[in-house]
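Sequences listed follow chains A and B, in order. Numbering-wise (my numbering), the first sequence opens with residue 34 and increments by one. Numbering-wise (my numbering), the second sequence opens with residue 18 and increments by one. Ideal Cβ positions, reconstructed from N, Cα and C, are used throughout, including at glycine. Below is one structure; the comments refer to it alone.
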Amino acid sequence: MPIRIDRALVGKEYPAFVVTAERGKIKAFARAIGDLNQNYVDDDIGGASAWGDIIAPPTFAITFRDETADAAALLRDLGVDIGRVLHGEQEFEIHRQIRPGETFTCRTKVVDIQDKTGKSGPMALVTRETVIVDRGGEVVGTLRHVTVVRL
Amino acid sequence: MKYAKVYGEDVKVGDAIPPLVKGPIAQIQLTRYAGASGDFNPIHQDDEFARAAGMGGVFAHGMLSMGFVAQSVTDWLGAGTVRKLGVRFSALVRLKDVITCTGRVLGTSEKNGERLVELELWAENQRGEKVVTGRATAVLQSRSA
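Have a look at this one:
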């Protein structure tokens, strides 16, 4: 029986969660990609830069997650198994650079659900948006995740 | 030359992003990326699980490929230049794949005293199949600033 996706999920907001960008995690993330840019991994170079410290690579905010608001929470709401989903699209808007030790509040909501027929058959595209705000209330970045659910 | 300082005046429409070659993709890199990113979906680690899900075996996190694409931009234009980055994952990246990331400059503009560069980006595997396509906006300093 085909899976039915509940359109009422559009607009759902997940609980806000707080994260801290840890120095070691920034470096480990850069190294896992194999991106050894000194601005990400060298404290001396970072300290002498315009930012005054190392900065996070452009996609680092993908590590800001909480089990109450992550892809697994979405899958529970959709009622689909993790083996049925693919990462379809991803977007980052970066308003300013993330530095070690900074604490942010992240808010994720479901913003769109679309039906589509792909190579492997019918699918639903579920778009979530995560807004990252610093302690001063400034939006430092916005992520858009498109999850493909194979129906 | 890697990490040379690039100014807004140095970049023209049609310029190519110097190709960045990544891989061959090894299982250990996917395990390492899982740990670094917090994405422990077994579809990237457990071949049996991935086959049972109809995916024909493990494949790389899309976000790892996006990290490669981002690196192709920052290797050229510098760390901290990416203002916006959006991609579509168009094909799976498998173990042993070699991924080449490149792209070109679509446009340049000035806004509020900043020089913005619009980029078209893509990554392809060793068979020339596109695995990621996307766009980015980077901000560069002016030589006169």
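Beta-carbon proximity list for residue i, same chain, < 8 Å, skipping 5 on both sides
i	result
A:Lys45	Asp110, Lys142 and Val143
Cβ neighbours of residue i in the same chain (closer than 7 Å, five flanking residues each side left out)
i	result
A:Arg168	Thr136
A:Pro133	Ala54, Glu55, Arg56, Ile59, Asp86 and Ile87
B:Asp64	Gly74 and Val75
A:Ile38	Leu111, Ile146, Ala157 and Val182
B:Val23	Trp93, Leu94, Gly95 and Leu157
B:Leu109	Phe76
A:Gly174	Ala94, Phe125, Glu126, Ile127, His128 and Ile165
7 Å Cβ cutoff met for residue i and residue j
i	j	result
A:Gly80	A:Asn72	no
B:Ser89	B:Leu37	yes
A:Ile115	A:Leu108	yes
B:Ala53	A:Ala102	no
A:Arg98	B:Gly79	no
B:Ile34	B:Gly124	no
B:Val122	B:Ala155	no
Contacting residues, own chain, Cβ-Cβ under 6 Å from residue i (five flanking each side not counted)
i	result
A:Ala105	none
B:Pro41	Lys113 and Val115
Length of the line joining the Cα atoms of residue i and residue j
i	j	result
A:Val113	B:Gln62	20 Å
B:Asp32	A:Pro48	44 Å
B:Leu136	B:Asn58	31 Å
A:Asn70	A:Trp84	15 Å
A:Val43	A:Pro90	30 Å
B:Arg152	A:Pro155	27 Å
B:Gln44	A:Asp145	34 Å
B:Leu102	A:Val172	17 Å
B:Asn142	B:Thr117	6 Å
A:Gly121	A:Gly151	11 Å
B:Gln158	B:Asp92	16 Å
A:Asp77	B:Trp139	33 Å
B:Arg144	A:Thr138	42 Å
A:Ser153	A:Val182	11 Å
B:Met72	B:Val30	39 Å
A:Thr96	A:Arg161	15 Å
B:Val104	A:Arg129	20 Å
B:Asp27	B:Lys147	28 Å
Proximity winner among the options, relative to residue i (alpha-carbon distances)
i	options	result
B:Val99	A:Ile131, A:Asp148, A:Val181 and A:Lys152	A:Ile131
B:Ala67	A:Val118, A:Asp145 and A:Ala61	A:Val118
A:Thr163	A:Phe50, A:Ile38, A:Ala41 and A:Asp68	A:Phe50
B:Glu128	B:Ala21, B:Gly25 and B:Tyr20	First, the amino acid is wrong: residue 128 of chain B is Lys here, not Glu. Of the listed residues, the one whose Cα sits closest to B:Lys128 is B:Gly25.
A:Val159	A:Ile127, A:Gln123 and A:Ala65	A:Gln123
A:Glu126	A:Arg40, A:Glu100, A:Phe93 and A:Phe62	A:Phe93
Residue i, enclosing beta strand (DSSP E) - first and last residue
i	result
A:Met156	Gly154 to Asp167
B:Leu123	Ile116 to Lys128
A:Leu119	Val118 to Ile127
B:Ala165	Past the edges of chain B, shown from 18 to 162, lies residue 165 of chain B, and the structure says nothing about it.
Extent of the continuous alpha helix (DSSP H) run through residue i
i	result
B:Asp64	Asp64 to Ala69
A:Arg132	Per DSSP, A:Arg132 belongs to no alpha helix (DSSP H) and is neither H nor E.
A:Ala63	Arg56 to Ile66
B:Gln88	Gly79 to Leu94
A:Ala106	Ala104 to Leu111
A:Ala81	Asp76 to Ala81
Residue i Cβ short of 6 Å to the ligand ADP heavy atom set
i	result
B:Tyr50	Ligands in the displayed structure: none, and consequently the ligand ADP is not present.
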